[in-house]
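Okay, so here's the structure we're looking at.
In this note's numbering, the protein residues as written are 114 to 538.
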């Protein structure tokens, strides 16, 4: 039940704890979030490396006020994309009559055909002017436009079991098609004061659910109370999964009991080995079910080679340095940008830029101020994907809260703008 950006829950990073958007799906925090102090911070029209579900470090934690909501706080301001309608009416042509001469049809038809072609061409050009470039080019960056200008490309729709939307509608969750390459990921979220819910699904080649994670943060509730909510969320989904009946009964019993100690069991998934994992901490409980060991999946990189990005910032007067997995670029009074370099799950274990954060430094940047233009331009050096990220970053500066596009998550926190690769955790 996808909804407009403004109706989306504001979940922070995927790889972080509660309070930050996810990276590629979200943990109520962004995956691999890294703040300036080394800590971890985290589609529409205008438009993390998965983490081992058995690792309790992925638990949602209440993020600081300057961090995004847990793993996936996806709230985007609603925008009304209303386009003026134009009625194109084709006038009727009156036949040419002459008492003495009947012009040959082949000769009389050509002028009208030419006129018709001209009218259609003008109409299309006019439509492009009045309705935007996306009508003519299908959306996406437009050649010749300054970096950050243009429309985001349409996000592919993921075909998935109807039970996902049914559960979301019943529980009041907002769903997103988060990523399609290399894995198809859907996420559904709810964020209320003292109450956050995240359900994420890994979708197989045949449109089936291959893995599902559910997380509930409920301040002041007991583990049993959180278990009751989790069971209500998972029951309809569980009934559609190819898990042996005896294992399904055991899963229900464990979730309802709300155990304090972590649980990690092998289950029968369609005759093969599957995994059931439950762990939690204060106010948060996490459950994962999958068709096989819930292996670690690397976070989708933003840029395969971040050198041109850094070189452009340097050419524009930014001082950049890399300390292990943290990239830091500063431009004097212009502000600071940090990036996360990840080798986990990446080809040949080579570092890939998986997240960047533009820090407010006391004042939220405006869309056209110098530091933002510098970052738009540097991102555009990464090619068409970089141009998409530049457009999304500008949208954050214009007021959008959180959204997904092109396997990238865009999030506006209390003290930074974040662009991160999606990750299933």
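Built from N, CA and C at the ideal position, the CB exists for glycine as well.
Here DSSP, grouped into helix, strand and coil, assigns residue 422 to helix. Bridge pairing for residue 451: 441 and 470 [DSSP]. No Cβ-Cβ contact shorter than 7 Å links residue 369 with residue 330.
Measuring C-alpha to C-alpha distances from residue 435 to each of 402, 466, 320 and 367 identifies 466 as the nearest. Cβ-Cβ separation between residue 438 and residue 454: approximately 5 Å, consistent with a contact (criterion under 8 Å).
Taking a contact to require three or more Cβ pairs closer than 8 Å, the stretch 257-271 and the stretch 282-301 qualify as touching. DSSP places residue 343 in the uninterrupted alpha helix (DSSP H) bounded by 336-351. For residue 310, the enclosing beta strand (DSSP E) has its first and last residue at 308-316. Pairwise C-beta distances place the stretch 303-310 out of contact with the stretch 361-379, as fewer than three of them are shorter than 8 Å.
Residue environment analysis places residue 404 among the buried positions, since at least 16 neighbouring C-beta atoms fall within 10 angstroms of its C-beta. Where residue 293 is concerned, there is no enclosing alpha helix (DSSP H), because DSSP gives it neither an H nor an E. The Cβ neighbour count for residue 518, taken over all protein chains shown within 10 Å, is at least 16; the residue is labelled buried. For residue 414, the number of other beta carbons within 10 angstroms of its own is at least 16, and it is reported as buried. Within the same chain, 271 and 316 come within 6 Å of residue 297 by CB-CB distance, once the 5 residues on both sides are set aside.
In this structure the stretch 343-360 touches the stretch 380-389; the number of beta carbon pairs closer than 8 Å is three or more. Take the alpha-carbon of residue 452 and the one of residue 537: they are about 20 Å apart. Counted as a single uninterrupted DSSP element, the stretch harbouring residue 278 is not any beta strand (DSSP E) but the alpha helix (DSSP H) occupying residues 276-284. Nearest to residue 520 by alpha-carbon distance, out of 528, 505 and 529, is 505. Using a 10 angstroms sphere on the CB of residue 476, the tally of other CB atoms stays under 16, which defines it as exposed.
Exclusion of the five residues before and after residue 498 leaves 519 as the residues of its chain whose Cβ lies within less than 7 Å of its Cβ. For residue 434, the enclosing beta strand (DSSP E) covers residues 432-436.
Between residue 276 and the set 265, 308 and 321, the nearest pair of CA atoms involves 321.
The beta carbon of residue 427 is closer than 7 Å to those of 433 in its chain, skipping five residues each way along the sequence. Excluding residues up to 5 positions away in sequence, nothing lies with its Cβ nearer than 7 Å to the Cβ of residue 445 in the same chain.
Around the CB of residue 259, fewer than 16 other CB atoms lie within 10 Å, so the residue is classed as exposed. Residue pairing by DSSP places residue 327 opposite 312 and 400 in a beta bridge.
The alpha-carbon separation between residue 485 and residue 534 amounts to approximately 20 Å. Where residue 501 is concerned, the enclosing alpha helix (DSSP H) starts and stops at 497-510.
DSSP places residue 358 in the uninterrupted alpha helix (DSSP H) bounded by 358-370.
Distance from the CA atom of residue 348 to the CA atom of residue 365, rounded to whole angstroms, is 8 Å. Straight-line measurement puts the Cα of residue 531 at about 19 Å from the Cα of residue 420.
Around the CB of residue 395, fewer than 16 other CB atoms lie within 10 Å, so the residue is classed as exposed.
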